[in-house]
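Student:
Protein chains: 2
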Amino acid sequence: MQIITLGPKGTFSHEAVTRYDSQAEIIFKPTVWDVFEGVTSNQTSFGMVPIENSVTGSVGFTLDALLHFDLRIKEETVLPIKHNLAGKGNLDTIKTVYAHPQTHAQCKNFLRTRLPKSEIIDTSSNAKSAELLSQQKDLEHAAIIPNIAAQIYNLPLLEKNIQDHKFNVTRFILIGKEDSPKTGRDKTSMIVYPVADRPGILCDMLEEFKKRNINLTKIESRPSGKLGDYLFYIDYEGHREDEWVVEALKKIESHSAFLKILGSYPKRC
Amino acid sequence: MQIITLGPKGTFSHEAVTRYDSQAEIIFKPTVWDVFEGVTSNQTSFGMVPIENSVTGSVGFTLDALLHFDLRIKEETVLPIKHNLAGKGNLDTIKTVYAHPQTHAQCKNFLRTRLPKSEIIDTSSNAKSAELLSQQKDLEHAAIIPNIAAQIYNLPLLEKNIQDHKFNVTRFILIGKEDSPKTGRDKTSMIVYPVADRPGILCDMLEEFKKRNINLTKIESRPSGKLGDYLFYIDYEGHREDEWVVEALKKIESHSAFLKILGSYPKRC
Numbered sequence: 001m002q003i004i005t006l007g008p009k010g011t012f013s014h015e016a017v018t019r020y021d022s023q024a025e026i027i028f029k030p031t032v033w034d035v036f037e038g039v040t041s042n043q044t045s046f047g048m049v050p051i052e053n054s055v056t057g058s059v060g061f062t063l064d065a066l067l068h069f070d071l072r073i074k075e076e077t078v079l080p081i082k083h084n085l086a087g088k089g090n091l092d093t094i095k096t097v098y099a100h101p102q103t104h105a106q107c108k109n110f111l112r113t114r115l116p117k118s119e120i121i122d123t124s125s126n127a128k129s130a131e132l133l134s135q136q137k138d139l140e141h142a143a144i145i146p147n148i149a150a151q152i153y154n155l156p157l158l159e160k161n162i163q164d165h166k167f168n169v170t171r172f173i174l175i176g177k178e179d180s181p182k183t184g185r186d187k188t189s190m191i192v193y194p195v196a197d198r199p200g201i202l203c204d205m206l207e208e209f210k211k212r213n214i215n216l217t218k219i220e221s222r223p224s225g226k227l228g229d230y231l232f233y234i235d236y237e238g239h240r241e242d243e244w245v246v247e248a249l250k251k252i253e254s255h256s257a258f259l260k261i262l263g264s265y266p267k268r269c
Numbered sequence: 270m271q272i273i274t275l276g277p278k279g280t281f282s283h284e285a286v287t288r289y290d291s292q293a294e295i296i297f298k299p300t301v302w303d304v305f306e307g308v309t310s311n312q313t314s315f316g317m318v319p320i321e322n323s324v325t326g327s328v329g330f331t332l333d334a335l336l337h338f339d340l341r342i343k344e345e346t347v348l349p350i351k352h353n354l355a356g357k358g359n360l361d362t363i364k365t366v367y368a369h370p371q372t373h374a375q376c377k378n379f380l381r382t383r384l385p386k387s388e389i390i391d392t393s394s395n396a397k398s399a400e401l402l403s404q405q406k407d408l409e410h411a412a413i414i415p416n417i418a419a420q421i422y423n424l425p426l427l428e429k430n431i432q433d434h435k436f437n438v439t440r441f442i443l444i445g446k447e448d449s450p451k452t453g454r455d456k457t458s459m460i461v462y463p464v465a466d467r468p469g470i471l472c473d474m475l476e477e478f479k480k481r482n483i484n485l486t487k488i489e490s491r492p493s494g495k496l497g498d499y500l501f502y503i504d505y506e507g508h509r510e511d512e513w514v515v516e517a518l519k520k521i522e523s524h525s526a527f528l529k530i531l532g533s534y535p536k537r538c
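Each protein sequence line maps, in turn, to chains U and L. Under the numbering used here, the first residue of the first sequence carries the number 1, and numbering increases by one thereafter. Under the numbering used here, the first residue of the second sequence carries the number 270, and numbering increases by one thereafter.
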């Protein structure tokens, strides 16, 4: 299986792909948009991108790409996000730590309590932090990196799992030209743009799910291009071919100026 | 007025503060969390942070900090996000462009069509892109930077407003110990955690707004710590002291395990 994902080598996206399919042949792209373009232009059949992190929330670029491109969500997969301190020295010898700004923010308590005097140097990706550390031979430099980057650059880990929120996971989606067949335990994702910005329009749409006992698993309003004018991204339990889902969608369509089914796929979380 | 915001000098946050109050004395902090801590510990009375971008969506760190800290939203302000190409050469001489990865993604079409052969070097912030360019004297280097960074580093702009989405704005919030008094044209922000994960619970809560003709301006579900278990961030028109808002909130509280009012403030968008 060939899968396009976010590079460079050593990112969490890379880790998510290897966990999903350890034999996958991987093509790296610099942005989410490039991954969607690669699949659309048949460079390969599948792409994997992050869509939501339990600490930082949705990945805006992925939500935008799902709106723009005519691709489907085929699978979801969840990766535990584990940040590790790598280096050749120890906590007493470290003076400089390479870290991506988001990673820095996710390991703030650790850095403050265990390395209060060290200087943090911002990097452009977790993979870059590993690469920069790999160029240093001394005991003074360290980096905060994913497991897969430690393996690729052969870097010793001084402390594992140093992120502040011990429960920190990212949900990735596998995108392709088609979604997945019914399994009996599915989720469906869609984008809806209501016909009118009037009080209660969202409520009226959700009512159709409630009537049919369909559980929502996620809802997010997202600026449609200007702030204050919103699209809704809604995930719910059930397959788009389930009878009760078909009925609910027919009703919701009558409240919508635009409705796009992003796909049905087996529920993994 | 003293305001803490995200540094270093030359970020869009810096630009938002100077637009909001051109006389403000500014303190720079590396992360959103630090801004909230600074205001909480009385280092200064106000902080300004981004909460939502029209292209990339919500700023997760800000939503988390609003949940964690006991501070209020006092104001909202909207900044147009304008990316500019800076450099000493021209489009024919440029071989290398410094750009923050998010900025790179937001200017993709421009880079592809106008600078197809140039190498993009990732940086850790837009301000850093400006700093790196300022250290180069040749015609080969360029950077994509905000207006304010061009002013600070005295860098010539080759092309203005090069972002792909011409409508690209970020909403910032001013946080403090208290929110704002009623003006008659207000918004209120809150976080709700429903009592039970059952089909229809969100619908029942939104019904209370619908009954009273209260217009929602934003809704977002956000993992409460694990994926699949959600808090709701809801913005709506009206002040928390308006009679109909007080009534709606009383009803919604009966469906909630947790309800936090983040503040009422004049509606600017």
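Glycine included, C-beta positions come from ideal geometry on N, C-alpha and C. This one's a predicted model, so the numbers in the text were calculated from it and none came from an experiment.
Sorted by chain position, which residues of the same chain lie with C-beta nearer than 6 Å to Val-301 (chain L)'s C-beta, five sequence neighbours on each side aside?
Tutor: The residues are Val-318, Phe-330, Thr-331, Ala-334.
Student: Locate the alpha helix (DSSP H) running through Arg-381 (chain L), then write down its first and last residues.
Tutor: Where Arg-381 (chain L) is concerned, the enclosing alpha helix (DSSP H) stretches over 377-383.
Student: Measuring only between beta-carbons, confirm whether Val-246 (chain U) sits less than 8 Å from chain L.
Tutor: With 8 Å as the cut-off, Val-246 (chain U) does not count as an interface residue toward chain L.
Student: Using CA coordinates, which residue listed in U:Ser-22, U:Asp-21, U:Ile-3 is at the minimum distance from Phe-36 (chain U)?
Tutor: Residue U:Ile-3 is the option with its Cα nearest to Phe-36 (chain U).
Student: Work out the CA separation of Val-366 (chain L) and Lys-221 (chain L) for me, nearest whole Å.
Tutor: As shown, chain L starts at 270 and ends at 538. That puts residue 221 (chain L) outside it, with no answer to give.
Student: Identify each residue in the stretch 114-129 of chain U for which the Cβ-Cβ distance to at least one residue of chain L is less than 9 Å, and report them in chain order.
Tutor: Per Cβ criterion, the list reads Ile-120, Ile-121, Asp-122, Thr-123, Ser-124, Ser-125, Lys-128.
Student: Using a Cβ-Cβ cut-off of less than 9 Å, give me the residues of the stretch 37-66 of chain U that come near chain L, in sequence order.
Tutor: Listed in sequence order: Glu-52, Asn-53, Ser-54, Val-55, Thr-56, Gly-57, Ser-58, Val-59, Gly-60, Phe-61, Leu-63, Asp-64.
Student: When we look at the beta-carbon of Lys-406 (chain L) and count the other beta-carbons within 10 Å, is it buried (16 or more) or exposed?
Tutor: Exposed is the call here.
Student: Would the stretch 68-76 of chain U count as touching the stretch 500-514 of chain L if we require 3 or more Cβ pairs under 8 Å?
Tutor: Counting Cβ pairs under 8 Å, fewer than three are found: no touch.
Student: Would Tyr-499 (chain L) pass as an interface residue toward chain U - the criterion being a Cβ-Cβ separation below 8 Å?
Tutor: Chain U, which has a Cβ nearer than 8 Å to the Cβ of Tyr-499 (chain L), makes this yes.
Student: Beta strand (DSSP E) containing Lys-479 (chain L): first to last residue?
Tutor: That residue, Lys-479 (chain L), is in no beta strand (DSSP E); its alpha helix (DSSP H) goes 470-480.
Student: Which one or two residues does DSSP pair with Lys-456 (chain L) in a beta bridge?
Tutor: Per DSSP, L:Glu-506, L:Tyr-534.
Student: Are the CB atoms of Leu-91 (chain U) and Leu-158 (chain U) nearer to each other than 8 Å?
Tutor: Yes.
Student: Which one or two residues does DSSP pair with Gly-47 (chain U) in a beta bridge?
Tutor: Partner(s): U:Ile-4, U:Ile-175.
Student: In chain order, what residues of the same chain have a beta carbon less than 7 Å from the beta carbon of Asp-204 (chain U), not counting five sequence neighbours either side?
Tutor: Cβ within range, chain order: His-255.
Student: Hey, quick one: how far does the beta strand (DSSP E) through Lys-487 (chain L) stretch, first residue to last?
Tutor: That run of the beta strand (DSSP E) goes 485-492.
Student: Residues of the stretch 199-224 of chain U in Cβ contact with chain L at a cutoff of 7 Å, in chain order, please.
Tutor: Within the stretch 199-224 of chain U, the qualifying residues are Pro-199, Gly-200, Leu-202, Cys-203, Leu-206, Glu-207, Phe-209, Lys-210, Asn-213, Ile-214, Asn-215, Leu-216, Thr-217, Lys-218, Ile-219, Glu-220, Ser-221, Arg-222, Pro-223.
Student: Taking the alpha-carbon of Asp-498 (chain L) as reference, which of L:Thr-309, L:Ala-465, L:Arg-481 has the nearest alpha-carbon?
Tutor: For Asp-498 (chain L), the nearest C-alpha among the options comes from L:Ala-465.
Student: My assumption, with CB atoms under 8 Å, is that Leu-238 (chain L) sits in contact with Ala-411 (chain L). Please give the rounded CB distance.
Tutor: Outside the shown range of chain L, which is 270 to 538, sits residue 238 (chain L), and nothing can be said about it.
Student: So, with DSSP's three-state summary, where would you put Arg-341 (chain L)?
Tutor: Here Arg-341 (chain L) sits in strand by DSSP.
Student: Is the CB of Thr-287 (chain L) under 8 Å away from at least one CB in chain U?
Tutor: No, Thr-287 (chain L) does not count as interfacial toward chain U.
Student: Any C-beta of chain U sitting closer than 8 Å to the C-beta of Thr-346 (chain L)?
Tutor: No - not a single Cβ of chain U is within 8 Å of the one on Thr-346 (chain L).
Student: Near Ala-16 (chain U), which residues of its chain fall below 8 Å by C-beta distance, leaving aside the five closest residues on each side in sequence?
Tutor: Closer than 8 Å at the Cβ level, and outside the excluded window around Ala-16 (chain U), lie Thr-5, Met-48, Pro-50, Thr-77, Leu-79, Thr-170, Phe-172.
Student: Considering just the uninterrupted stretch of the beta strand (DSSP E) at Lys-298 (chain L), what are its terminal residues?
Tutor: Where Lys-298 (chain L) is concerned, the enclosing beta strand (DSSP E) stretches over 294-298.
Student: Closer than 8 Å by beta-carbon distance: list the chain L residues that pair up with Thr-271 (chain U), in chain order.
Tutor: The structure shown does not extend to residue 271 (chain U), since chain U spans only 1 to 269, so no value can be given for it.
Student: Measure the C-alpha to C-alpha separation of Asp-391 (chain L) and Ser-124 (chain U) and round it to an integer number of angstroms.
Tutor: Rounded to the nearest angstrom, the two C-alpha atoms are 6 Å apart.
Student: Check Phe-330 (chain L) in the structure and name its three-state DSSP category.
Tutor: Residue state, collapsed to three classes: helix.
Student: Got a sec? Which residues, its chain only, sit under 6 Å from Glu-253 (chain U) by beta carbon, not counting five neighbours each side?
Tutor: Counting only Cβ-Cβ distances below 6 Å, and skipping sequence neighbours, we find Leu-259.
Student: Assuming Gln-371 (chain L) and His-352 (chain L) form a contact by the criterion Cβ under 8 Å, report the distance between their Cβ atoms to the nearest whole angstrom.
Tutor: Rounded, the Cβ-Cβ distance is 10 Å, inconsistent with contact.
Student: First and last residue of the alpha helix (DSSP H) that includes Ala-150 (chain U)?
Tutor: 147-153 is the span of the alpha helix (DSSP H), which, as asked, contains Ala-150 (chain U).
Student: Taking the continuous alpha helix (DSSP H) assigned at Thr-541 (chain L), which residues delimit it?
Tutor: The structure shown has nothing for residue 541 (chain L), since chain L only spans 270 to 538.
Student: Going by DSSP, what residues sit across from Lys-260 (chain U) in a beta bridge?
Tutor: U:Ile-191, per the DSSP bridge assignment.
Student: So for Pro-370 (chain L), helix, strand or coil by DSSP?
Tutor: Note: Pro-370 (chain L) maps to helix in three-state DSSP.
Student: Contact between the stretch 380-389 of chain L and the stretch 444-460 of chain L: three or more CB pairs below 8 Å?
Tutor: No, the stretch 380-389 of chain L is not in contact with the stretch 444-460 of chain L.
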